[in-house]
Every structure is written in structure tokens, then in C-alpha cells.
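This report refers to the structure that appears directly beneath it.
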Amino acid sequence: MRVLIVEDEVFIAMDLEVQLIDMGQQVTGIAVSKATALEMARADRPDLALVDLRLSGPSSGIEAAAIMRVELGIPIVLVSGSLHELTDDDLAEIAPIALLGKPYSPTNLAAVLAKAEGDLGK
């Protein structure tokens, strides 16, 4: 699958990229902000976006995920150490394929990717 990483913590993003590549996925890019995420999503049309809830700057990963899902039709996995902050409205609007809590293990990541691949028929 072609996967976009939306994560503002550089070391976490780089580690996630390595794990995804090791699992046979293609990383289309790493975005650190809502604006960059949307630009990359529009240009590359990934099969899946892994989106952190909290991004640096005034906007959130929730906003980026909602736009990618609703306007661009990109399936979303929400990633965060603060999944409890998600509201029912957030979940209804984004309809994420999965939620991935931080810290996550390679086993958790692989399970989420397998679910996404199954849901997307990849």
C-alpha cells in the first residue's frame, strides 16, 4: 500500500517510515503539518494515511484527517497517545479504519495494516 505519514515528531515519523518499509509498504511522504499533509495527499493520493492527532501549529491532525477522508476519500488510521480526546463527532466524520495508540509495537502496527489491507482489498 501507498501510505502517507502525518506526524510532527521527526524521530517518531522516521521510525514509522522504517517500520512501514520493512513491512513492505511504500511511504509516499512525511507531513508535519495540516497544510503539508493536504498538499501531499492531493498530489500523491495515497491508499492510506496514518495521522497523529496532535500536530505542531494552529491546526490539528483531526482537521487534516477529516479533510483527507471527506474531501479526498483517503482512508485514515488515527495515531496518538491521546486517543481518549477523540469525540464521537470526530469519529463519525473521519470514520477511521483503525485507531493506533502510542506507544505502539510493530505487532500492533502490522495488525492495523493487515486490517487496512483487508478493508481496502489491497
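By UniProt numbering, the letter at position 111 of the sequence shown is numbered 111, and the numbering carries on one by one without gaps.
We put the beta carbon where it would ideally sit given N, CA and C, even for glycine.
All of these numbers come straight from a predicted model, not from anything done at the bench.
Apart from the five residues on each side of it in sequence, which residues of its chain come closer than 6 Å, Cβ to Cβ, to A65? V51, I76 and I94
Run the CB neighbour count on A114, radius 10 Å, all protein chains shown included, and call it buried at 16 or more, exposed below. exposed
Every unbroken alpha helix (DSSP H) inside the UniProt domain "Response regulatory" (2 to 117) [4 residues or more]: 10 to 22, 34 to 44, 61 to 70 and 88 to 94
Tell me, please, whether the region 52 to 61 touches the region 26 to 44 by the rule of three or more beta-carbon pairs shorter than 8 Å. yes
Taking C-beta to C-beta, are A41 and L4 nearer than 8 Å? yes
By alpha-carbon positions, which one of L86, V79 and A92 ends up nearest to N108? V79
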